[in-house]
Amino acid sequence: MREVRIHNTLGGHLVPLRPLSPPRVSMFVCGITPYKPSHIGHARAAIVYDVVAKFLRRVGYHVFYLQNVTDIDDKILRTATEEGRDWHTVSEENFESYLRAMQLLHVDSVNFYARCTDYIAEIIEQVRTLIEKGHAYASGGDVYYDVDTFPAFGALSGQRLEMLEAGVRVEVNPNKRSPEDFALWKGEKLGPRWSSPWGEGRPGWHIEDTAIAVNILGPRYDIHGGGMELKFPHHEAEIAQAEAATGKSPLASIWMHHNMLNMRGEKMSKSLGNVVSLDATLRRVSPEVLRYFLLSAHYRSPLDYAGEESLEEARRSLQTLQVVYARLRAQAGESLGGTFPREVQLTAGSRVYVRDLSEWIELVPRIYPADPEHQRGDRVEEDMMTALANDFSVREATASLFSFASEVHALLESRGPSLREEELASLVRPFVLATEVLGYFPREGTSGSNAPLAAAVELVIEARARAKEHKDFAEADRIRKALSEAGIEIEDTGRGTRWRIRS
RNA sequence: GCCGAGGUGGCAGAACGGCUAAUGCGGCAGACUGCAGAUCUGCUUUCCGGGGGUUCAACUCCCUCCCUCGGCUCCA
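Numbering (my numbering), first residue to last: 422 to 924.
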């Protein structure tokens with residue numbers, strides 16, 4: 422299997438992925454706290470790990486991708502109070518809306534979203550274990566993790582306990598033995614609460630991640646992902662909790678941290694009032710354009726959102742690829758004499774039913790003998806896979822695709838109709854990869870059948886062609902403008918008029 | 001102050017110890033077109049935060065400084 426190298430925060434180097442039990446790869450990513458509607462920074466995180474999971478599957482790994490949902494926490498309670506609503510309604514509504522956005526964005530690689538409140542029993546059990554093993558203590562209705570019992574605390578983020586103590590702010594919670602100790606369980610008398618051996622209360626901030634991960638993935642798993650701002654203290658706490666509770670180390674073999682989405686140089690955050698709503702953005706641009714933008718910087722680099730112009734640039738860039746892919750598909754459809762799904766002659770006696778382009782391109786090499794002349798796309802696909810295998814270098818993979826776009830245009834121009842089926846199949850491959858792993862193009866079928874629309878547009882284009890024949894260019898331009906206003910762009914070419922839906 | 005990430009052409013953003021530093025967007029010119037668009041060709045491009053050092057050779061390795069962003073724990 423292809424070697425995949427990933428930057429591991431633990432150690433700070435690129436390391437080869439060596440799953441604990443190949444071909445399985447277990448992956449945990451810190452999900453959202455649904456206390457407010459999501460912004461596009463949340464989408465960056467989701468898309469980064471969506472690409473990770475999809476790429477690893479593409480390589481051949483069986484990825485189990487788990488994400489938690491912190492559906493009870495201080496911020497949710499505060500929102501509930503402010504808005505005069507039930508905390509549960511707040512978190513569920515925001516989470517549902519997040520999921521709808523994820524669906525639009527083709528973020529469909531997560532196997533399971535685990536809600537904190539569905540794992541209260543497991544959380545209590547883990548806290549109890551930590552107390553039994555001497556890593557935690559109950560105090561004043563709360564339970565705290567005793568950081569001094571875990572020498573490796575700070576190893577992930579390079580923080581040293583002594584330095585932390587020097588920087589600790591004045592107010593120290595009197596229930597804590599040491600200022601760095603963090604709450605595993607918080608006593609609660611009035612708000613939402615569950616009963617526990619230490620009285621009624623609710624989980625601390627970090628514990629649900631380890632209770633969920635250890636219960637579902639086991640004491641050790643392959644990849645842990647999350648935002649850089651969570652490295653300390655959240656991920657340190659996770660390591661301290663899980664490794665102390667299970668006695669197994671390391672909790673995760675590879676720790677991935679993605680960088681922040683900035684708003685004109687500043688972190689996107691509520692207090693600065695510079696949050697860009699995910700829903701609102703998805704009403705302005707296509708999901709593919711947003712994905713393209715959010716993937717336009719490497720995941721470990723900060724990405725700056727400069728407003729409308731950032732999305733506009735992404736839209737224009739992606740359009741270049743969309744145009745060539747649309748041409749290629751049209752040519753393939755024409756050459757193959759139909760669209761998918763369709764029957765394909767496999768051998769003299771056997772036919773198979775092919776649902777879409779991606780099935781077709783897998784099939785074609787089995788029908789035709791391999792000929793390097795007809796495999797231009799295979800080479801580009803390989804380049805893209807190589808780039809992605811190097812710490813998910815999406816931008817580099819995209820650069821290959823752009824270079825390839827020119828090549829495809831030239832080929833279609835010079836010998837479009839004479840391209841052989843196996844050549845076309847190869848040319849399509851890089852675009853299918855970009856669809857399935859990067860999500861640059863909608864999958865076939867996801868946007869519904871366009872057959873009725875296509876028929877209508879063809880009719881209008883015919884009317885315009887007649888106007889052009891009579892040199893009635895005013896009418897021809899009027900039709901073109903009207904279609905454009907309806908979101909359909911048409912282009913006259915030597916071989917008739919093409920049309921596409923503007924993204 | 002401490003820890004971490006980043007500073008590349010008009011803009012966005014890659015790579016690699018060594019051919020003219022990718023790719024995209026934008027701009028200009030030409031080809032094509034009734035026009036437009038798409039596409040193609042050329043130009044915009046001698047851009048690697050500053051300063052040291054290692055090396056035959058550094059954007060790439062080391063030191064140092066500057067700037068930007070994030071974190072420094074339940075708390076306003």
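From the three backbone atoms N, C-alpha and C, an ideal C-beta is built for every residue, glycine too.
What you are looking at is a predicted structure, and each value in this text was computed from that prediction instead of being measured.
Whole angstroms is fine: what's the gap from residue i's alpha carbon to residue j's?
| i | j | result |
| --- | --- | --- |
| G462 | S512 | 18 Å |
| V589 | P600 | Any reading at V589 must be qualified, since the residue scores a pLDDT of 48, below 50, and its modelled position is unreliable; the value itself is stated next. So the alpha carbons of these two residues sit roughly 7 Å apart. |
| R919 | V745 | 12 Å |
| S470 | A632 | Rather than Ser, the amino acid found at residue 470 in this sequence is Tyr. For Y470 and A632, the distance between alpha carbons rounds to 21 Å. |
| W676 | N429 | 5 Å |
| Y566 | L551 | 8 Å |
| V785 | N515 | 45 Å |
| P613 | R623 | 7 Å |
| D495 | T502 | 11 Å |
| I493 | T454 | 8 Å |
| R899 | Y486 | 51 Å |
| A727 | Y720 | 18 Å |
| A886 | R841 | 30 Å |
| L431 | R478 | 24 Å |
| S905 | V484 | 43 Å |
| F825 | L742 | 10 Å |
| R598 | T538 | 28 Å |
| D893 | E883 | 14 Å |
| G860 | A818 | 13 Å |
| V446 | R641 | 11 Å |
| D913 | R836 | 19 Å |
| Q580 | M448 | 25 Å |
| E657 | N594 | 20 Å |
| L611 | E504 | 18 Å |
| V815 | A718 | 8 Å |
| I660 | E857 | 33 Å |
| A666 | L638 | 15 Å |
| L498 | R426 | 41 Å |
| P863 | H527 | 8 Å |
If you follow the beta strand (DSSP E) that residue i is part of, which residue opens it and which one closes it?
| i | result |
| --- | --- |
| Y566 | D563 to Y566 |
| L724 | L724 to Y726 |
| L435 | H434 to P437 |
Just reading off the alpha helix (DSSP H) that residue i is part of, what are its end residues?
| i | result |
| --- | --- |
| F894 | F894 to E906 |
| R816 | V815 to R836 |
| P851 | E842 to L854 |
| Q580 | No alpha helix (DSSP H) holds Q580; DSSP gives it neither H nor E. |
| V765 | V765 -> not in any alpha helix (DSSP H); beta strand (DSSP E) instead, spanning R763 to Q766. |
| E657 | E657 to T667 |
| R712 | P708 to L715 |
Verify whether the separation of the beta carbon atoms of residue i and residue j is less than 7 Å.
| i | j | result |
| --- | --- | --- |
| D578 | K652 | Per the sequence presented here, residue 578 reads as Ser, with Asp not at that position. For S578 and K652, yes; Cβs fall inside 7 Å. |
| F476 | L711 | no |
| A907 | E896 | no |
| N683 | P723 | yes |
| A557 | V564 | yes |
| S459 | Y519 | yes |
| E783 | P851 | no |
| A769 | L845 | no |
| G620 | K607 | no |
| V635 | D602 | no |
| R797 | S847 | yes |
| S821 | M805 | yes |
| L715 | R465 | yes |
| V829 | L749 | yes |
| C451 | G647 | yes |
Going by the DSSP bridge assignment, what does residue i pair with across the sheet?
| i | result |
| --- | --- |
| Y642 | A673 |
| A735 | Paired residues: none, contrary to the question. |
| T702 | T702 is not bridged to any residue. |
| K607 | R623 |
| I909 | I922 |
| I427 | V436 |
| N489 | A535 |
| E687 | M684 |
| T914 | G917 |
| H678 | G647 |
Is the beta carbon of residue i within less than 6 Å of some heavy atom of the ligand GDP?
| i | result |
| --- | --- |
| S731 | For the ligand GDP, the structure offers nothing, since it holds no ligand at all. |
query: Taking the runs of the beta strand (DSSP E) that are 3 residues or longer, which of them lie wholly in the region 768–813?
result: 772–775
message: Going residue by residue through the region 493–577, where are the continuous alpha helix (DSSP H) segments of at least 4 residues, counting only ones entirely within it?
response: 495–504, 508–525 and 541–553
Segments assigned beta strand (DSSP E), at least 3 residues, entirely inside the region 442–487: 445–450
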